[in-house]
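Here the structure comes first, spelled out in structure tokens, and everything after it is commentary.
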Amino acid sequence: MIDQIRVAAGQFAATTDLAENLASCLRLIDEAAANGAALIVLPEFANHLSVYESLDHCRSVAVELDGAWMSTISDRARVLNIDVALAVTVPRDDRVTITSVLFDAVGQIIATADKQTLMGNERTYLTGGASSSPLADTRYGPLGIYACMDGVTFEVPRTFAVRGARLLLNSLNSFALDEAALHVPVRAVENGVFVVAANKVGPLLPVDQVEMFSQALGIPPQVLQGAGESQIVAPDGEVLASASRTEEELIVADIDLAEVRPLNDRFGHRRPEIYGPLAKPHSAVPRDDVPESIVVRCVRSQMSDAVEAQLVVLPEGTAPPASIPDGVWVATSAVVDQRHVGQLWTRNGLRHEQAQLHHSDRFDTTEFGDELALCETPLGDIALIVGDDHLYPEAVRLAAIQGAHIAIVLYHPTRSWHTDLALRERAAENRLCLVACTPLGVGGTMVLNPPRDSLWSTDRLHPYDGTINNPDAVVAGPDDSILESRLYPARALRREVSRNTDLVGGRSWQASAALL
61 MIDQIRVAAG
71 QFAATTDLAE
81 NLASCLRLID
91 EAAANGAALI
101 VLPEFANHLS
111 VYESLDHCRS
121 VAVELDGAWM
131 STISDRARVL
141 NIDVALAVTV
151 PRDDRVTITS
161 VLFDAVGQII
171 ATADKQTLMG
181 NERTYLTGGA
191 SSSPLADTRY
201 GPLGIYACMD
211 GVTFEVPRTF
221 AVRGARLLLN
231 SLNSFALDEA
241 ALHVPVRAVE
251 NGVFVVAANK
261 VGPLLPVDQV
271 EMFSQALGIP
281 PQVLQGAGES
291 QIVAPDGEVL
301 ASASRTEEEL
311 IVADIDLAEV
321 RPLNDRFGHR
331 RPEIYGPLAK
341 PHSAVPRDDV
351 PESIVVRCVR
361 SQMSDAVEAQ
371 LVVLPEGTAP
381 PASIPDGVWV
391 ATSAVVDQRH
401 VGQLWTRNGL
411 RHEQAQLHHS
421 DRFDTTEFGD
431 ELALCETPLG
441 DIALIVGDDH
451 LYPEAVRLAA
461 IQGAHIAIVL
471 YHPTRSWHTD
481 LALRERAAEN
491 RLCLVACTPL
501 GVGGTMVLNP
511 PRDSLWSTDR
521 LHPYDGTINN
531 PDAVVAGPDD
541 SILESRLYPA
551 RALRREVSRN
561 TDLVGGRSWQ
571 ASAALL
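Residues in the sequence shown are numbered consecutively from 61, following the working numbering.
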């Protein structure tokens, strides 16, 4: 098994001309081989733009896995002795899928993976996959291949990682700037693996339809371009190589897969026995009888300053105040009988406890909770995320599928990705409000809300910022004693990242069987 390899990601502007797109793929494969790469990742919808006039049109521009278009890719991989990953539309008997394909260096297809979660208008003529995809058995060991939206939530990449993949290959077709800023790198660091991701540049729509889509969505035409920024990311979240936002480009990096820690080191404290609900189709819709907004304060000094907030969050291990004003809910944590528990208090005393679910080196506790339960409050249904549980994406997902409006994270981050990536992604992929409070002098205290505007909002308060699933953030400085902001619990009801694309209800629950 080979550990040290040079990998590449190539981005280009696709069109409605299959021959032109094939030429672009071949051009980048040639360039990757000339630069000594042993593997290249190319974008999603590499064969044709993702907009179709009809189902017949969609089928007509899809490519057979053993047809001429793909055979040309196969031949080039064989001649140049290079592995090639890309995602194309493939005609099936009664449907068309978006399928990630991996060719080995002798030109054989050694893995395919149908995209699980389709995005917006993709659902019109395309069909998603119905089960987890197998690992690819390669000369570099097992790896996983997936496409775009399947990396915007954690399930699909994690199913590969927990089964032993050390390298993930992501083909994208996205205009969203938060792919490169958040969703791509977090999959590397939360799983402790390398990720190679290739996006598009140029128009993602036929040129003669850009203005129509721009007017329908109420966003500038230039936003409907591939966002580029293809990346190669290390297991610690370091971006080893990154492409531009606008130009065709090839990036390369040398990686050592031996840097990926053994499975037990990375996942030995997971709790598959409590993740069962993740592999079931049911997810509760958050109740709608909640306030549009509430005042929240993260208080890292004296509680007396927080009497006007409806929700007060204290650092972990902070004793609740002796007196709590009427109508105020206070969140903190304590070690009780060998358990570290999150707590919610009101003037009437302790109202809810949530035991830490996963081991944390910061606590000597020996007993852990066997479920994540919500606390129903007038402010919304609240989940307490205790210790280092936020580093396990399964934990916050358990809250979301129960209909949580608010997640409160009581923690002490020790690495930058715990805050810069993990917290933001937990809020983003679950479309819920998140409040995190750290001890004074420690960064990471923040308030995160689902974005007010969806992609298709016609009443935007602010110009479209180019992101599609990035939470609105208010962040305290390490030495700020108080952070006061607003939470918007009602936004947790709006889980669609695009039309008919529910981040929670439409999650890859079938694939999640591999997480158990």
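No residue lacks a Cβ here, since even glycine has one placed at the ideal position from N, Cα and C.
* Asked: By a C-beta neighbour count over all protein chains shown, 10 Å radius and 16 as the cutoff for buried, is A68 buried or exposed?
  -> buried
* Asked: Which residue's Cα is closest to the Cα of A171: T177, P151, D143, E436?
  -> D143
* Asked: If you draw a straight line from the alpha carbon of R567 to that of I384, how long is it in whole angstroms?
  -> 39 Å
* Helix, strand or coil at N230 according to DSSP, with G and I counted as helix -> If DSSP states are grouped into helix, strand and coil, N230 belongs with the strands.
* Asked: Between R226 and V253, what straight-line distance do the alpha-carbon atoms span, to the nearest angstrom?
  -> 5 Å
* How about V359: is its Cβ closer than 7 Å to a heavy atom in the ligand ATP? -> For the structure depicted, the ligand ATP is absent and the ligand set is empty, with no information on it obtainable.
* The alpha helix (DSSP H) with Q275 in it runs from where to where? -> 270-277
* Test item: CB-CB of F235 and V283 under 8 Å -> Result yes, Cβ atoms of F235 and V283 sit closer than 8 Å.
* **Enclosing beta strand (DSSP E) for C358 [first to last residue]** => 354-359
* Asked: Mind checking whether D448 and S420 have CB atoms under 8 Å apart?
  -> Yes; because the gap between Cβ atoms is below 8 Å, this pair is in contact.
* Asked: How is L43 classed by DSSP in three states: helix, strand or coil?
  -> As displayed, the chain neither begins before 61 nor continues past 576, which places residue 43 out of reach and without an answer.
* To do: Just tell me which of A382, S361, L178 has its CA closest to the CA of T187.
  => Just measuring C-alpha positions, the residue of A382, S361, L178 sitting nearest T187 is L178.
* Classify Q282 as helix, strand or coil using the three-state DSSP reduction. => helix
* Identify, in the order they occur along the chain, each residue of the same chain with its Cβ nearer than 7 Å to the Cβ of Q176, setting aside the five sequence neighbours on each side. => G188, G189, D210, V216, S568, A571.
* Asked: Cβ atoms of V249 and P295: under 8 Å apart, would you say?
  -> yes
* Asked: Beta carbon of G565, beta carbon of S302: below 8 Å?
  -> no
* Which value, in whole angstroms, describes the spacing of the CA atoms of R399 and W389? -> 22 Å
* At which residues does the alpha helix (DSSP H) containing P453 begin and terminate? -> 453-460
* Asked: So, using beta-carbon positions, are E104 and A147 closer together than 8 Å?
  -> Yes, Cβ-Cβ distance for E104 and A147 is below 8 Å.
* **Alpha carbon of S393 to alpha carbon of S517, nearest angstrom** => 39 Å
* **Proximity of L102 and L125 at Cβ, strictly below 8 Å** => No, the pair does not count as a contact, with Cβ atoms beyond the cut-off.
* Measure the C-alpha to C-alpha separation of A467 and C435 and round it to an integer number of angstroms. => 10 Å
* **Same chain, Cβ closer than 6 Å to E544, neighbours up to 5 away in sequence not counted** => R357
* With DSSP collapsed to three states, give me the class of G70. => strand
* Asked: Do you know offhand how far E239's Cα is from H472's?
  -> 26 Å
* Asked: Under 8 Å, do P510 and A552 count as touching if we go by C-beta distance?
  -> yes
* Asked: Nearest-angstrom Cα distance between S541 and S361?
  -> 6 Å
* Over what stretch of residues does the beta strand (DSSP E) that includes L310 continue unbroken? -> 309-316
* To do: Would you give the residue range spanned by the alpha helix (DSSP H) that R407 belongs to?
  => From DSSP, R407 is part of no alpha helix (DSSP H); its letter is neither H nor E.
* Asked: So what does DSSP say about W389, is it helix, strand or coil?
  -> Strand at W389.
* Note down, in chain order, each residue of its chain lying with its Cβ closer than 8 Å to the Cβ of A339, except the 5 sequence neighbours on either side. => Correct list, in chain order: W569, Q570, S572, A573, L575, L576.
* Runs of beta strand (DSSP E) wholly within the stretch 466-551 (minimum 3 residues, chain order) -> 466-470, 493-497, 506-509, 532-535, 542-547
* Asked: Mind checking N141: buried by the 16 CB within 10 Å criterion, or exposed?
  -> exposed
* Could you give the residue range of the beta strand (DSSP E) that holds C435? -> 435-437
* Asked: Does the beta-carbon of N251 have 16 or more other beta-carbons within 10 angstroms, so that it is buried, or is it exposed?
  -> Classification of N251: buried, given that the 10 Å Cβ count is 16 or more.
* Asked: Taking three-plus beta-carbon pairs below 8 Å as touching, is the stretch 321-330 in contact with the stretch 255-274?
  -> no
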